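Beneath this line is the structure, given in structure tokens, with notes to follow.
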Amino acid sequence: MADPQYLNAKRALAALLLAGLAIRIAMALLLPRTDTWLSRLPDQVGYLQTAQNMLAGRGVVWHDPRFDQDVFAVRCPGYPAFIAACGARVLIVRIAQSAVDVSTALAGALIAWRLVGARAAVIAGALIALNPMLAYMSSLLLSETLFTAMLAWAVLLLISRPSVLAGVALLAISILVRPSGIALPLFMAFAAPFVRKSRGESIRLPLRMPIGAATLLLIAACVFPWALRNHNVLGSWVWLTTQGGITRYDGFQPGATGASDQSFVNSLEFAGLARMTEVERDQFLNARADQRTGEMLHSHPGDLADLTLAKIGRTWTLFPLSAEYGRTSLKWLAGVYSGVFFALTLVGTWQSHLSRSAKVLLLIPAAYFTALHAASVGSMRYRLPAEPPMAVVAASALGASRWRRESATESGASSATSRPTN
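So for the sequence shown, this note's numbering puts the first residue at 1118; every next one is plus one.
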């Protein structure tokens, strides 16, 4: 007969996943789908139009209104392909993302079940399924929902498959969804074997290949076809996107606050940007970003430090700061949730029942995206992919004391009856 605690955990988890799905579908149906509403976050319009062009046979291309120019490598093809697979229909995309986001909660629960136990799995599933910002983000045409799911399932593969390469491969593919994750597979790949070894599990790699070399090969295999296409279309080896320069300069422009403000492209100083190709524009703005950071580092290091702290603060703010996130009620709900979530994560980080190597693996995405956006611009949106792995750490805080008590009780009962323990 199945363990009642095991069955109860499965039922509770199923109920939480259904509740999370209901919340997301309700948002998908209730939030506006007009062009005006989508344009509040211009990236939504860009992704949607790129997907529409893909369906029309024009490929990965979008008309950038900032420069009145067709651009071919401003966005990687992964997320526009997902939208195209949904027929580029906003409601269908939202419903699909609702299911994808709930799968993230399932992945987080399975990670917690494997590393901690059934009770922590239910808590982790709840923390992800009922996360208000993850739920809201699933109704936006932005890459965070898909990337977050890929990251969560990759972590599960890293700790549970005989070979870590399945998880590394999924992380490598996710670069085409969110190119800023280019180095994340390496960090995760190096950390995963320590988790497996701490559990007494073996790791198999083909041809006994070093994990770093295998990861680099997988990244290259995923990115090279895109870079080759860009070389054929643009005459230049663009390995990720031509958006990096404008994003970097955005983060260090004069008067930068840590938030994104690309209105400088309309200024007289940058009037020449519209006459450049997208590759030339990217190179020019990267050079200007290098110049600005160099000037700040040598002449105003204090200002640079303050700006870096402001970006980190925006990334890890309790309350959403951008007006695009809508109603005040959502902001307060997100703020209260974030406060509790961060407190539990801090407690879980200091609990000893989750191995140190597991904590490192689960917190790598948070450290990675913090460092990444300290060098560009900060927003709550950019930290969301790190929250499902963090939820496992947070769940371990609530599962710790009871887990220990149950272990002690089982041990005592086994000793009294002279039965071996497992």
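Where is the CB? At the ideal position from N, CA and C, for every residue including glycine. Nothing here was measured: the structure is a model prediction, and the numbers come from that model.
Helix, strand or coil: how does DSSP classify VAL1188 here? On the sequence shown, position 71 is the one that residue 1188 refers to. Note: VAL1188 maps to strand in three-state DSSP.
Sequence ranges, alpha helix (DSSP H) only - wholly within the segment 1407-1472, length at least 4: 1418-1432, 1445-1467
I believe ALA1237 touches SER1513 by the beta-carbon criterion, under 8 Å. Please report the beta-carbon distance rounded to the nearest angstrom. As a position in the sequence shown, residue 1237 is number 120, starting the count at 1. As a position in the sequence shown, residue 1513 is number 396, starting the count at 1. Contact flag correct, Cβ pair sits at about 6 Å.
Between LEU1461 and the rest of its own chain, which residues show a CB-CB distance below 7 Å, the 5 nearest in sequence each way excluded? Stepping through the sequence shown from its first residue, residue 1461 is reached at position 344. Cβ within range, chain order: ALA1511, ALA1514, LEU1515.
For PHE1387, which residues in the same chain have their Cβ closer than 8 Å to its Cβ, ignoring the five residues on either side in sequence? For the purposes of this step, residue 1387 is identified with residue 270 of the sequence shown, where counting begins at 1. PHE1381, listed in sequence order.
For TRP1179, does the count of other Cβ atoms within 10 angstroms reach 16, so buried, or fall short, so exposed? Working through the sequence shown from its first residue, we reach residue 1179 at position 62. The residue in question, TRP1179, is buried, as its Cβ has 16 or more Cβ neighbours within 10 Å.
Stretch pair the segment 1191-1210 + the segment 1151-1171: three plus CB contacts closer than 8 Å: yes
Where do the N-terminal and C-terminal ends of the beta strand (DSSP E) with TRP1354 fall, by residue? For this step, residue 1354 is matched to residue 237 along the sequence shown. Careful: TRP1354 lies outside any beta strand (DSSP E) and carries neither H nor E.
Spell out a yes or no on whether the segment 1352-1359 and the segment 1406-1417 are touching, meaning 3 or more CB-CB pairs, one atom from each, closer than 8 Å. no
How many Å lie between ALA1190 and PHE1264 at the Cα? Your numbering for residue 1190 matches position 73 in the sequence shown. Your numbering for residue 1264 matches position 147 in the sequence shown. C-alpha separation (whole angstroms): 19 Å.
VAL1457 and LEU1479 - do their beta-carbons sit closer together than 8 Å? For this step, residue 1479 is matched to residue 362 along the sequence shown. For this step, residue 1457 is matched to residue 340 along the sequence shown. No, the pair does not count as a contact, with Cβ atoms beyond the cut-off.
Between the segment 1125-1143 and the segment 1252-1269, do at least 3 Cβ pairs fall closer than 8 Å? yes
From which residue to which residue does the alpha helix (DSSP H) around ASP1120 run? As a working mapping, residue 1120 is identified with position 3 in the sequence shown. Counting along the chain, ASP1120 falls outside any alpha helix (DSSP H), and DSSP gives it neither H nor E.
Cα separation between VAL1233 and VAL1464? In the sequence shown, residue 1233 corresponds to position 116, counting from 1. In the sequence shown, residue 1464 corresponds to position 347, counting from 1. The alpha-carbon atoms of VAL1233 and VAL1464 are separated by roughly 15 Å.
Rounded distance between the beta-carbons of LYS1428 and PHE1436, thought under 8 Å: Looking up residue 1436 in the sequence shown gives position 319. Looking up residue 1428 in the sequence shown gives position 311. With a Cβ gap of about 16 Å, PHE1436 and LYS1428 do not count as contacting.
Distance between beta carbons of ALA1145 and SER1256, contact taken as under 8 Å: Translated into positions along the sequence shown, residue 1256 becomes position 139. Translated into positions along the sequence shown, residue 1145 becomes position 28. Confirmed, about 5 Å.
Shortest alpha-carbon distance to TRP1230 belongs to which of ASP1187, VAL1272, ALA1488? The residue given as residue 1230 occupies position 113 in the sequence shown. TRP1230 has its Cα closest to that of VAL1272, out of ASP1187, VAL1272, ALA1488.
Is ARG1365 closer than 8 Å to LEU1421 when the C-beta atoms are compared? The residue given as residue 1421 occupies position 304 in the sequence shown. The residue given as residue 1365 occupies position 248 in the sequence shown. Contact flag unset, no.
From ARG1211 to LEU1414, what does the alpha carbon distance come to, in whole angstroms? Taking the sequence shown and counting its residues from 1, one reaches residue 1211 at position 94. Taking the sequence shown and counting its residues from 1, one reaches residue 1414 at position 297. Taking the straight line joining both Cα atoms gives about 43 Å.
In whole angstroms, what is the alpha-carbon distance linking ARG1175 and MET1497? Taking the sequence shown and counting its residues from 1, one reaches residue 1175 at position 58. Taking the sequence shown and counting its residues from 1, one reaches residue 1497 at position 380. Those two C-alpha atoms are separated by around 34 Å.
Considering only the beta carbon of each residue, do TYR1454 and ASN1248 sit closer than 8 Å? By one-based count along the sequence shown, residue 1454 stands at place 337. By one-based count along the sequence shown, residue 1248 stands at place 131. Yes, these two residues count as a Cβ contact at 8 Å.
Checking 8 Å against the spacing of the C-beta atoms, do ALA1269 and GLY1204 come in under that value? Counting from one through the sequence shown, the residue named residue 1269 turns up at place 152. Counting from one through the sequence shown, the residue named residue 1204 turns up at place 87. Not closer than 8 Å, so no.
ASP1152, DSSP secondary structure in three states: Looking up residue 1152 in the sequence shown gives position 35. In the structure shown, ASP1152 sits in a helix (DSSP, three-state: H, G or I).
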